[in-house]
Amino acid sequence: MWKEISVLISKEVTLEWRQKFALNGILLYVVSAVFITYLSVGAKQGNISAPTWNALYWIIILFSAVNAVAKSFVQEHQGRQLYYYMIASPEAIILSKIIYNTGLTLILALLGYGVFSVILGNPVQDQGLFILNLVLGAMGFSASLTMVSGIASKAGNNATLMAILSFPVIIPILLMAIRISKNAMDGLDWSVSMDKLVTLLAINAIVAVTGYILFPYLWRS
67 MWKEISVLIS KEVTLEWRQK FALNGILLYV VSAVFITYLS VGAKQGNISA
117 PTWNALYWII ILFSAVNAVA KSFVQEHQGR QLYYYMIASP EAIILSKIIY
167 NTGLTLILAL LGYGVFSVIL GNPVQDQGLF ILNLVLGAMG FSASLTMVSG
217 IASKAGNNAT LMAILSFPVI IPILLMAIRI SKNAMDGLDW SVSMDKLVTL
267 LAINAIVAVT GYILFPYLWR S
């Protein structure tokens with residue numbers, strides 16, 4: 067199965083590289099959203115409060131992740147899905163999608179972090195905790211949105227259905243990520259955020275395992 071996963075991930079990278087307009091559009095969205103935030107808030111480096119910086123950052127990353135992951139199954143034609151059905155297991159397909167989307171979301175999060183630091187300043191005191199939080203947040207967003215994207219694709223790629231189904235899963239992940247990043251910005255000890263880190267990791271594990279178990283039934287339909 068791991069060989070299938072590696073081949074499917076390389077396929078995702080190849081398709082993304084061929085369709086550069088999709089990736090470039092997402093990158094442009096991140097940079098332009100940060101710049102528009104800078105203009106609208108009127109903030110200069112160091113003049114924006116830490117809670118506002120934190121909230122704006124995660125809102126932009128959330129919508130960037132939605133735009134990046136929503137096309138996971140939408141861009142796959144029905145004939146191509148039938149071909150995947152014959153040559154790969156559904157477990158390999160969902161895991162490859164989650165791993166690839168996690169990497170893509172993490173790249174967008176790091177890019178947004180860099181752009182935020184340049185334009186709005188960097189109030190983060192504990193860089194290690196903040197980066198770890200980014201990794202866990204990217205994993206949670208990718209796992210939940212990938213599974214919901216698969217469900218929406220079987221319902222005629224209904225964007226409204228995807229928004230409704232992803233909302234109850236995304237909100238707990240987003241709240242935990244915001245709280246952990248706030249502790250990192252305040253420079254608090256890791257022990258203060260340990261329970262939140264464990265909670266976020268548990269949510270990610272539950273979502274990933276649920277998708278791993280349920281996706282084969284969805285794929286057979």
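Residues 67 to 287 (the working numbering) are what the sequence shown spells out, left to right.
Just so it is clear, CB atoms sit at the ideal spot from N, CA and C, and this is done for glycine as well.
Going by DSSP in three states, residue i sits in which element: helix, strand or coil?
i    : result
G253 : coil
S76  : helix
G206 : helix
M242 : helix
P282 : helix
A221 : coil
P189 : coil
Q147 : helix
Report the CB separation of residue i from residue j in whole angstroms; it is logged as a contact under 8 Å.
i    : j    : result
S162 : E82  : Incorrect: roughly 13 Å between the Cβ atoms, too far for contact.
W285 : Y151 : 7 Å
M251 : T265 : The pair is not a contact, with the Cβ atoms about 19 Å apart (cut-off 8 Å).
V96  : S208 : Going by Cβ atoms, the distance from V96 to S208 rounds to 16 Å, so no, they are not a contact pair.
L172 : L200 : 7 Å
E70  : S155 : 7 Å
G277 : I197 : Actually they are not in contact, since the Cβ atoms of G277 and I197 sit about 25 Å apart, beyond 8 Å.
Buried or exposed, going by whether 16 or more other CB atoms sit within 10 Å of the CB of residue i?
i    : result
M213 : buried
S76  : exposed
F101 : exposed
S130 : buried
I165 : buried
Determine the contact status of residue i and residue j, defining contact as a CB-CB distance below 8 Å.
i    : j    : result
V273 : G206 : yes
I246 : S257 : no
P234 : A116 : no
I279 : P238 : no
Could you check where the alpha helix (DSSP H) with residue i kicks off and where it finishes?
i    : result
P156 : P156 to L186
A134 : A116 to V135
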